[in-house]
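Working notes for the structure below.
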Amino acid sequence: MRISDYTLRNLRSFCAVVEHGGPSGAQAVLGASLSVISTHLKDLELSLGFTLCQRGRGGFALTHKGAAVYREAKRMLGSVELAEANLGALRRVLAGHLRVGLVDSEADNPDLPVHRAIRRFFRREQEVRLSLEIGTTEALSKGLQTGDIHVAIGPFPSRQPNVDYRPVWAEEHALYCGRSHPLFGREQVGIEDLSPHAVTARPYLQRAELATLREPRVRASVSNMEAQAVLIRSGCFLGFLPLHFAETWVRRGEMRRIGGLGLEWLSQFYVALRIQPEPPEIARIFAADLARELAPAPAV
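So that you can map any letter, position 243 of the sequence shown is 243 in the UniProt record's numbering, and since no number is skipped, the others follow by simple counting.
Structure follows, in structure tokens:
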């Protein structure tokens with residue numbers, strides 16, 4: 001088949017549909033209606049001469065040939081993006097598709113001003129398309145390895161090979177209980193008072209958050225901070241949260257920070273880039289912008 005601009009458009013739509021579990025999930029990413037996305041898929045299938053995926057009431061699933069087309073499309077689109085970036089460099093204009101990943105629940109963190117790094121980057125003369133993905137550290141690490149993410153910001157307690165991690169900031173975590181928890185109304189809470197109570201933990205932190213507790217009774221696990229907050233607010237569990245994230249519920253009187261016991265700990269954040277193949281220039285420039293904006297202010 002001949003590769004035209006329409007074919008590239010249809011392949012981009014197809015990849016987005018695969019990566020977001022179906023046409024509905026790809027709508028926001030593509031900025032297109034379901035009917036338009038469906039047309040792109042049908043046109044691609046017509047040009048190829050076979051079915052790429054099953055879609056309907058039974059859900060979305062790739063055919064065997066569809067999976068092969070997806071792999072080839074990712075290679076092809078990656079080459080196109082690299083060519084765009086290289087041609088832009090010859091014109092001394094930043095160009096290409098920049099894919100950035102940010103760990104979940106950090107958008108409102110005043111100490112992690114990713115938005116300022118984005119503003120710094122886009123003040124340059126550029127023709128860059130930006131995709132910003134919010135996800136767990138596991139999802140971001142996988143995206144770095146596959147090339148679906150160029151630059152990622154997060155704690156990354158589990159290091160991956162072929163990824164460069166640049167420390168930029170440390171996030172403070174503290175222990176909290178919900179309003180209906182037995183310790184919420186206690187004027188004084190000692191370290192020994194914590195032992196009888198169940199704790200919720202985040203396995204992806206590899207028990208770093210539990211290191212300050214004595215023989216914690218872990219009775220629940222969660223995959224992200226939103227879930228951690230839900231369990232803490234239930235009053236059934238103690239749990240650690242970043243200070244900025246818990247502040248909303250503390251102000252409402254729905255949570256209490258259990259302080260004064262030396263239980264606080266710091267989670268190191270990194271700007272991460274894949275080493276090989278070498279990331280595009282726009283990724284390296286954006287990573288440098290992040291490092292400048294996220295670096296701690298010098299002491300006065």
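Here a beta-carbon is modelled for each residue, glycine too, at the ideal position from N, C-alpha and C.
For residue 129, the enclosing beta strand (DSSP E) starts and ends at 126 to 135.
A distance below 8 Å separates the beta carbons of residue 26 and residue 17. The stretch 100 to 114 and the stretch 242 to 262 touch, with three or more beta-carbon pairs separated by less than 8 Å. Non-local beta-carbon contacts of residue 83 in its own chain, meaning distances under 6 Å to residues more than five positions away in sequence, are absent. The Cβ atoms of residue 178 and residue 232 lie closer than 8 Å to each other. Cβ neighbours of residue 226 within its own chain (closer than 8 Å, five residues either side excluded): 104 and 105. Look at residue 173 here: in three-state DSSP terms it is strand. Taking the Cα positions, residue 291 is about 29 Å away from residue 19. Among the bridge pairs identified by DSSP, residue 20 is matched with none. Ranked by Cα distance from residue 188, the first of 176, 13, 259 and 254 is 259. Residue state for residue 236 is assigned as coil, using DSSP reduced to three classes.
DSSP places residue 221 in the strand class (E or B) of the three-state scheme.
Where residue 39 is concerned, the enclosing alpha helix (DSSP H) starts and stops at 34 to 48. If you draw a straight line from the Cα of residue 265 to the Cα of residue 203, it is about 16 Å long.
Annotation for residue 248: the continuous alpha helix (DSSP H) segment containing it runs 243 to 252.
As the crow flies, the alpha-carbon of residue 53 is around 56 Å from that of residue 193.
At a Cβ-Cβ threshold of 8 Å, residue 272 and residue 77 do not count as neighbours.
In the structure shown, the three-state DSSP call for residue 92 is coil.
The beta carbon of residue 93 lies closer than 8 Å to those of 125, 126 and 127 in the same chain, with the five residues before and after it left out. Note on residue 207: under 16 other CB atoms within 10 angstroms of its CB, so exposed under the neighbour-count rule. DSSP places residue 152 inside the beta strand (DSSP E), whose first and last residues are 151 to 154. According to DSSP, residue pairing for residue 256 in a beta bridge involves 177.
Between residue 7 and residue 44, the alpha-carbon positions lie close to 7 Å from each other.
Taking C-beta separations shorter than 6 Å and ignoring five residues to either side along the sequence, the partners of residue 133 in its chain run 101, following chain order. By alpha-carbon distance to residue 200, the top candidate from 182, 190, 223 and 183 is 223. For residue 122, no beta strand (DSSP E) segment is defined; the enclosing uninterrupted segment is the alpha helix (DSSP H) at 114 to 122.
Around the beta carbon of residue 115, a 10 Å sphere encloses fewer than 16 other beta carbons of the protein chains shown; the residue is thus reported as exposed. Residue burial annotation: residue 37 is buried, with at least 16 other C-beta atoms found within 10 angstroms of its C-beta. Comparing alpha-carbon positions, the option among 251, 217 and 180 lying closest to residue 196 turns out to be 217.
Under the 10 Å beta carbon count, residue 46 is surrounded by fewer than 16 other beta carbons and is classified as exposed. DSSP places residue 269 inside the beta strand (DSSP E), whose first and last residues are 265 to 274.
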